[in-house]
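J.: Below are the C-alpha cells for one structure; questions will follow.
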Amino acid sequence: MPNLNSTSGPRVIERSQHGIERRQVSPNACKVIERLQQGGFLAYIVGGGVRDLLLGQQPKDFDVATDATPEQVRGLFRNARLIGRRFRLAHVRFGREIIEVATFRGEGDDGEEDSGLREVESGGRVLRDNVFGSEAEDARRRDFTINALMYDPTSETIRDHVDGFQDVVDRRLRLIGDPVGRYREDPVRLLRAVRFQTKLNLAIEPETAGPMVSMAPLLGDIPPARLFDEILKLFLSGHAWSTYQGLVRAALWEQLFPKLFADPANPPALVRQAMMNTDERVAEGKPVTPGFLFAAFLWPRVRQSAENLIAKGQPPVDALAQAGEDAIASQARRVAIHRRYSVMSKEIWCMQPRFENRRGKRAYRLMNERRFRAAYDFLLLRVLEDPDLEELAQWWTDFQEVNGEQRETMARSAMGGSGDGAGSGRKRRRRRRPRKRPASA
Ligand code: ATP
Ligand code: MG
C-alpha cells in the first residue's frame, strides 16, 4: 500500500532520476512559479503536464498549484483573472497561452470547480467552498497517483506524496486511496481510468480495475453535460477505437450509449471504421468533429427507424430527419450532445439520399453544400454495410477529382445513368416542381 500519511513528507525525486528538463516546460508556467516563489509561496507544475513529460508524451498544458490564495495570485500578476464559481482559480494570460493557477485544495474535493454541479447534487450536504488544503492534501485529493506528481522547475525536483513516480516507472494506473470510495465519490473517474489507460498505454492496477464493471452503473447519476465533455476527450484524442474497446470491457459504453448495437463487443463495421478514421485524422493533424462520430454511433438506430418510416411511405429525407431527431433525443438523456454537433449529424444523415440524385445541377448543388465533405465521407463508410453503394461512392469520388469538363460530362450522363436512386430522385423532384426538366437534360 502507498504510504498516505501526510506527516511522512513527500519523496523528492532529483533531476538525474526523473529526466525532465526545465526547457520542456512552458516558459510562462516557469515565470508564474518563479514569481510566486519569490513572493514566498510554494508553487509547482501539477497534473497532466508532469505525467505526460515523464511518460514521453507532449503535454496539452501546464497547470500550476500553489499555497497562495486566488486573491494573492491576482495581487502578484497584472495579467491574472479569477474564474470559477465554487472553487476560484486564477488564469494568468500570456498572449494566447493561459496558465491556470489553483490554490491547494483539501481532501474530498474532486475537481468539479467550474461546473456548479456540486451545488445541485449536494442536497443536504455541506458545501465546502474554497476549502484550501496543504500541498500533501492537494496531492491526495487528485484521482490517479500519476496525476498527483508536483514538479518544481526551480530545483528541478519532483515531489511525490502518493508513490506515483514508481507507478510511472512501472507504467501503472492506480487510484489514490480506496478505489471503491474514490469511484463512488466521482464516477467519472471510471471513464478517466479507461482514457488514461489507452492514451498512455498503462496497465490498470488490479485493485483499481477490480470494481470498475460493478460500479459502472454509477455513471447514470452523472449529469449529461459533464459526460459530454468527457466523451469528447475519450473519442477525439486519437485513440477512439482502443478507448471504445476499453469502455466496452469495463461495461461503461452501455452506460454512455445504451442499446445502440446488438453486441457492443462487435460493433457494426461502419461504426468501427468511423473511429479508426477519426484516429487516423488526429494522427495526421487533421481536424475532427464529434458531429461525424455521433452520426456514426447513432446510424444503426437511425437507419433502422428511417427504413420503417420509408416503408410507411415517408420520403427518405423526411424519414431520416425524423429518425435522427428521435435518436438524438433519446441519446440526450444520457449524454448531452451540443446542438451544433447534433445539427451536423442530422445534416450528414439527411444528405445521404441526395447522393443518389446526380443529374445535372443537383450534383453541383450537393457538392457545394457546407457538409458535403462530411456526408461524402459518411457515404464511403456506408459502403461497408451496403456493398451496392460502391458504384455510387466511386462516382462521387471521381466527380470531385476530375476536371471541370469531365465533370460536366459525368453530371450529364448520370441523368440517364445507373438505376440506383434515379427513380427516387425523379419522384421527389416531381412533388416540388411539376413538369420542368433539369436544364442540362
Ligand atoms: P489531460 O492531459 O487529458 O488534460 P489531465 O490529467 O490534465 O489530463 P484534467 O482533467 O485536465 O486531466 O485535470 C487536471 C488534474 O486535475 C488531473 O491531473 C488530476 O490531478 C486532477 N483531476 C481532474 N479530474 C479529477 C477528478 N475527477 N478527480 C480527482 N482529481 C481530478
Ligand atoms: Mg489537463
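Just so you know, my numbering puts 116 at position 116 of the sequence shown, and the rest follows in order with no gaps. Beta carbons are placed, not taken as given, at the ideal position from N, Cα and C, and that holds for glycine. No experiment lies behind these values; they were computed from the predicted model shown.
1) Which value, in whole angstroms, describes the spacing of the CA atoms of Arg15 and Asn28?
2) Terminal residues of the continuous beta strand (DSSP E) containing Phe94?
3) Start and end of the alpha helix (DSSP H) containing Leu320?
4) Among the residues of its own chain, which have a CB less than 8 Å from the CB of Asp129, if the five just before and after it don't count?
5) Bridge partners for Leu173 per DSSP, in chain order?
6) Ser26 to Phe62, Cα distance in whole Å?
7) Which word fits Lys346, buried or exposed, when buried means at least 16 other C-beta atoms lie within 10 angstroms of its C-beta?
8) List the DSSP bridge partners of Val64.
9) For Pro59, collect the residues of the same chain with a Cβ closer than 7 Å to its Cβ; drop the 5 residues on either side in sequence, then sort them by chain order.
10) Given 8 Å as the limit, tell me if Lys60 has its C-beta closer than that to any heavy atom belonging to the ligand MG.
11) Report the three-state DSSP secondary structure of Thr154 (helix, strand or coil).
12) Hey, would you say the C-beta of Val180 is under 8 Å away from at least one heavy atom of the ligand ATP?
13) If we ignore side chains and look at the alpha-carbon of each, how far apart do Glu21 and Glu156 end up?
14) Going by C-alpha distance, which of Gly40, Phe257, Asp160 is nearest Arg140?
15) Please work out which residues of its chain come closer than 7 Å, Cβ to Cβ, to Ser115, disregarding the five sequence neighbours upstream and downstream, and give them in chain order.
16) Measure the Cβ-Cβ separation of Thr451 and Arg174 and say whether it is below 9 Å.
17) Under a Cβ-count criterion, where at least 16 other Cβ atoms within 10 Å of its own Cβ denotes burial, should Gly123 be classed as buried or exposed?
18) Using only alpha-carbon positions, find the residue among Glu207, Glu34, Asn79, Phe196 that is nearest to Asp152.
19) Return the residue from the list His239, Asp221, Val169, Val180 that minimises the CA-CA distance to Lys199.
20) Would the region 285-301 and the region 244-261 be scored as touching if the rule is three or more Cβ pairs under 8 Å?
21) When the Cα atoms are used, what is the spatial distance from His18 to Lys233?
22) Assuming Val383 contacts Cys350 (C-beta within less than 8 Å), just tell me the rounded distance between them.
23) The ligand MG and Gly238: does the residue's C-beta get closer than 8 Å to at least one heavy atom of that ligand?
24) When you compare each of Glu185, Asn147, Pro179, Tyr183 to Val168 by their alpha carbons, which one comes out closest?
25) With distance defined between alpha-carbon atoms, name the residue in Pro353, Ala329, Ile337, Arg333 nearest to Gln314.
26) Tell me where the beta strand (DSSP E) around Ala375 begins and ends.
27) So if DSSP puts Arg81 in a beta bridge, which residue, or which two residues, is it bridged to?
28) Just grab the DSSP bridge partners of Arg182 for me.
29) Express the C-alpha separation of Pro387 and Val92 in angstroms, rounding to a whole number.
T.: The relevant details are as follows:
1) Cα-Cα distance, rounded: 20 Å.
2) Phe94 -> beta strand (DSSP E) spans 89-94.
3) That run of the alpha helix (DSSP H) goes 316-331.
4) The predicted position of Asp129 is uncertain, since its pLDDT is 47 and thus under 50; a value taken from the coordinates is nonetheless stated next. Cβ contact annotation for Asp129 (same chain, cutoff 8 Å, sequence separation greater than five): Arg86, Phe87, in chain order.
5) Ile204, per the DSSP bridge assignment.
6) The straight-line gap from Cα to Cα measures roughly 7 Å.
7) So Lys346 counts as buried.
8) Val64 is bridged to Ile45, Val101.
9) Counting only Cβ-Cβ distances below 7 Å, and skipping sequence neighbours, we find Gly48, Gly49, Asp52, Leu53.
10) Indeed, a heavy atom of the ligand MG lies less than 8 Å from the Cβ.
11) Three-state result, Thr154: coil.
12) The answer is no for Val180.
13) Spanning the two alpha carbons is a distance of roughly 7 Å.
14) When each option's Cα is compared against that of Arg140, the closest is Asp160.
15) The pLDDT assigned to Ser115 is 40, lower than 50, so where the model puts this residue is not dependable; a value taken from the coordinates is nonetheless given after this. Correct list, in chain order: Arg226.
16) This structure leaves residue 451 out entirely; the chain is present only between 1 and 441.
17) Caution is warranted here: a pLDDT of 37 is assigned to Gly123, below 50, making its placement in the model unreliable, and no coordinate value can be reported.
18) Asp152 has its Cα closest to that of Glu34, out of Glu207, Glu34, Asn79, Phe196.
19) Residue His239 is the option with its Cα nearest to Lys199.
20) Touching, yes.
21) Their Cα atoms are separated by approximately 27 Å.
22) 19 Å between Cβ atoms; not a contact.
23) No, the Cβ of Gly238 stays beyond 8 Å of every heavy atom of the ligand MG.
24) Closest by alpha carbon: Asn147.
25) It is Pro353.
26) It is not in any beta strand (DSSP E) - Ala375 instead sits in the alpha helix (DSSP H) that spans 372-382.
27) Paired residues: His91.
28) Note: Arg182 sits in no beta bridge, so no partner.
29) C-alpha separation (whole angstroms): 55 Å.
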